[in-house]
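Chains G and S, in that order, give the protein sequences. Residue numbers for the first sequence follow this note's numbering, beginning at 1 and rising by one. Residue numbers for the second sequence follow this note's numbering, beginning at 1 and rising by one.
There are 2 protein chains.
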Amino acid sequence: MSTVNLTKNQTLVLDVLTRSEGPLSAYTILDKLRDHGFRAPLQVYRALEKLLEFGLVHRLESLNSFVACAHREHACCSHGTVAFAICESCGQVSEFHDHVIDDQLNSWTRGKGFKPSKTTIEIRGLCAACNI
Amino acid sequence: MSTVNLTKNQTLVLDVLTRSEGPLSAYTILDKLRDHGFRAPLQVYRALEKLLEFGLVHRLESLNSFVACAHREHACCSHGTVAFAICESCGQVSEFHDHVIDDQLNSWTRGKGFKPSKTTIEIRGLCAACNI
DNA sequence: TGCGTCACGTAATGTTATTACATGAATTGT
DNA sequence: ACAATTCATGTAATAACATTACGTGACGCA
Ligand SMILES: [Zn+2]
Ligand SMILES: [Zn+2]
Ligand SMILES: [Zn+2]
Ligand SMILES: [Zn+2]
């Protein structure tokens, strides 16, 4: 659980994401940080790039947006693939891990000689609260 | 295995995707169809929307691009979630299904009361040929 | 004929992401 | 102390991806 030294911009971006209820697009983050001196998309994208490297943030491909990791205490990157359930009504995102799925994907890739670098699993739908 | 009647534009787009080695972005499709009278992105996006509905085409979220379904004879939509392995070197895409993964995801969503509408599974990495 | 639906066309605009270039601070090796 | 290198940052411009708004003609059906 090595703690990383974040730069000022990285800290600002991570704080915004951590405080947010749901995922945010890069441009939404930019808007939220204009008061703190952010003026260009690149400032956000550069910070996000590092935060993704550190495993502190995840990118939701199906939403073109970003969330703070929900399992920071566990060093997310270390325990396999992460999956997300995304509610299309309220925007809530649940992050989870599943070793059976991991194993199954690994078994497929090994069988094919495919060397995975990054795996995306995203379930869009309605959360329990919205599915009344 | 009901065959759908495609419109002219839908046929053109599907043909381009079917002939293509790998996934194509909407704008690449547009360029390839300029000779056939395509002039605006919307023509492509409208055709893609229908082809996605029909299950003849898949969208790769992590690539913002589209592929023809590799299992048309099996009526792709009918047998659960589709997964893709995408080679970051040669661009080749392998489409596959795995019932264990399906079951595992379904068991998670049932447990949470989450009602899935669409699931994305994409593995980025290096295919066997590129991973020498 | 009048009406609704649907595929299509065109233009404009909105959203997301990257490239190119410049500056200043911190780090390293001598 | 000095040059060389690296890294975070700033700014502007542009590229890539996607949607909204509006209008037309074809078709099926009361
Ligand atoms: Zn995480
Ligand atoms: Zn919800
Ligand atoms: Zn398919
Ligand atoms: Zn390859």
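Just so it is clear, CB atoms sit at the ideal spot from N, CA and C, and this is done for glycine as well.
Asked	Found
Would a C-beta distance cut-off of 8 Å place Val-67(S) and Val-100(G) closer than the cut-off?	no
Counting only Cβ pairs nearer than 8 Å, list the residues of chain G close to Ile-132(S).	Going along chain G, no residue has its Cβ under 8 Å from Ile-132(S), so there is no contact; the nearest lies around 10 Å.
Could you tell me which residues DSSP puts in a beta bridge with Glu-122(G)?	Phe-84(G) and Thr-120(S)
Looking at the unbroken beta strand (DSSP E) that takes in Phe-54(G), where does it start and where does it end?	Segment 41-54 is the alpha helix (DSSP H) holding Phe-54(G); no beta strand (DSSP E) there.
Do you know whose CA, among Asp-102(S), Leu-48(S) and Val-93(S), lies nearest Val-16(S)'s CA?	Leu-48(S)
Measure from the alpha carbon of Glu-95(S) to the alpha carbon of each residue in Trp-108(G), Gln-92(G) and His-97(G), then state which is nearest.	Trp-108(G)
Using a cut-off of 9 Å between C-beta atoms, extract the partners of Arg-124(S) located in chain G.	Pro-116, Ser-117, Lys-118, Thr-119 and Thr-120
Any contact of the stretch 19-29 of chain S with the stretch 85-95 of chain S, i.e. 3+ C-beta pairs under 8 Å?	yes
Just verifying my parser: in three-state terms, what is the DSSP assignment at Ala-68(G)?	strand
Pull the bridge partners of His-58(S) from the DSSP assignment, please.	Val-67(S)
So which residues of chain G does Ser-25(S) contact, with C-beta pairs closer than 9 Å?	Result: empty, since nearest Cβ-Cβ is about 14 Å, beyond 9 Å.
Which one of Glu-122(G), Ala-128(G), Cys-130(G) and Asn-131(G) has the shortest CA to CA distance from Asn-64(G)?	Glu-122(G)
Nearest CA to the CA of Phe-38(G): which residue from Thr-81(G), Val-57(G), Gln-10(G) and Gly-55(G)?	Gln-10(G)
Enumerate in chain order the residues of its own chain whose CB-to-CB distance from Gln-146(S) is below 7 Å, with the five nearest sequence positions on each side excluded.	The shown model of chain S, from 1 to 132, leaves out residue 146(S), and the question about it has no answer.
Within the continuous alpha helix (DSSP H) that includes Ser-107(G), where are the two ends?	99-112
In whole angstroms, give me the CA-to-CA distance for Arg-124(G) and His-97(G).	16 Å
Just the chain S side, please: which residues come within less than 7 Å of Ser-62(G) by C-beta, in chain order?	Glu-61 and Thr-120
Pull up the CB-CB distance for Thr-120(S) and Leu-105(S), whole angstroms please, since I reckon it's below 8 Å.	Between Leu-105(S) and Thr-120(S) the Cβ distance is about 11 Å, and since that is not below 8 Å, they are no contact.
Any idea what DSSP makes of Val-93(S), helix, strand or coil?	strand
So is His-58(G) buried or exposed if we call it buried at 16+ other beta carbons inside 10 Å?	buried
Would Ile-132(S) be called buried (16 or more neighbouring beta carbons within 10 Å of its own) or exposed?	exposed
According to DSSP, is Leu-30(G) helix, strand or coil?	helix
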